[in-house]
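Data block below; observations after.
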Amino acid sequence: MLLGSDVSRVSNGLVLHYDFGEAQGTTVRDRGSSSTPLDLEIATPQRVSWRPRGLTVRGGATIRSLRPASKLYEACRRSGEVTLEAWI
191 MLLGSDVSRV SNGLVLHYDF GEAQGTTVRD RGSSSTPLDL EIATPQRVSW RPRGLTVRGG
251 ATIRSLRPAS KLYEACRRSG EVTLEAWI
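If you read the sequence shown in the numbering used here, its first letter stands for residue 191, the second for the next number, and so on.
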């Protein structure tokens with residue numbers, strides 16, 4: 191997940207990329223380079239507050255994809271590698 195628009199980061203070729211640009215609602219959009227996005231659903235919106243370019247999560251919130259993360263699995267299987275960047 192990529193969080194924070196004030197920092198220059200690589201964005202080309204990312205399998206998954208969540209920048210939290212929506213700033214509202216119950217869907218976190220995947221803005222990665224793949225043609226089939228793997229959006230996330232906020233199943234417990236009462237435990238999440240949107241803020242500019244991010245979320246505040248309180249307690250046991252559920253944020254999940256509605257489909258299997260096949261594109262992530264396949265990319266990791268092909269390369270034998272995974273890199274994760276999270277701003278917390």
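Idealized CB from N, CA, C, for every residue including glycine.
- Annotation: the continuous beta strand (DSSP E) that includes Ser255 extends over 253-255.
- Note that the segment 204-223 touches the segment 257-271; at least 3 beta-carbon pairs, one per stretch, sit closer than 8 Å.
- Taking each of Leu245, Gly270, Trp240, Arg268 in turn and checking the Cα distance to Ala276, the smallest one comes out for Leu245.
- In the assembly as shown, Gly211 is an exposed residue. Its beta-carbon has fewer than 16 other beta-carbons within 10 Å.
- Scanning its chain for C-beta atoms nearer than 6 Å, with the 5 sequence neighbours on each side dropped, one finds around Ala265 the residues Val205, in chain order.
- Its Cα nearest to that of Gly215, the residue Ser239 stands out among Ser239, Arg221, Glu271, Arg257.
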